[in-house]
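One structure below.
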Amino acid sequence: MNSQLKAITGAYATARYVRMSPRKVRRVLDQIRGRSYREALIILEFMPYRACEPVLKLLRSAAANAEHNDGFERASLIIKEAYADQGPSLKRYRPRAQGRAYQIHKPTCHITIAVSPVNAE
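Quick look at the structure:
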């Protein structure tokens, strides 16, 4: 567990080995970082990116952790931290002309979202 996450008053959720580029996930996370839980839900519902689906699922999980483990109300939560780290790349081969093969990298990432109540700042 990350030592920075232990210091946060609140709850967090992590999705590991998500089959998506971390750069594309960060584009979505930058839009919701620092916002309230409800505002982030609305933003994620209507953004046109494929990365919104795992981020939305993870945000709901972090809110459920905060509600169940710490007794916080979902309405009072804000997104304290949201980041995507690079995971291992899956390596595949694509056949090419004259018997060659090009390597294809399929990136993965680890997404972490931490939420805390508004008054815990």
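Once you know that position 21 of the sequence shown is 909 in the numbering used here, the rest is easy, because the numbers rise by one and skip nothing.
Idealized CB from N, CA, C, for every residue including glycine.
Keep in mind it's a predicted model, so treat the numbers as computed, not measured.
For residue i, the three-state DSSP class (helix, strand or coil)
{"i": "residue 925", "result": "helix"}
{"i": "residue 995", "result": "coil"}
{"i": "residue 1003", "result": "strand"}
Neighbourhood of residue i by C-beta, 8 angstroms cutoff - its chain only, sequence neighbours within 5 removed
{"i": "residue 908", "result": "938, 939, 942, 995, 996, 997"}
{"i": "residue 912", "result": "937, 938, 939"}
Check whether residue i and residue j have beta carbons under 7 angstroms apart
{"i": "residue 903", "j": "residue 950", "result": "no"}
Range covered by the alpha helix (DSSP H) that runs through residue i
{"i": "residue 916", "result": "910 to 920"}
Close beta carbons around residue i, own chain, < 6 angstroms, minus the five adjacent residues each side
{"i": "residue 916", "result": "937, 939, 940, 943"}
7 angstroms Cβ shell around residue i - same chain, five flanking residues per side excluded
{"i": "residue 1005", "result": "898, 960, 964, 965"}
Extent of the continuous beta strand (DSSP E) run through residue i
{"i": "residue 902", "result": "899 to 906"}
Problem - Contiguous beta strand (DSSP E) assignments of at least 3 residues, all confined to the stretch 929 to 988 - result: Here the runs fully enclosed are 965 to 974, 978 to 983.
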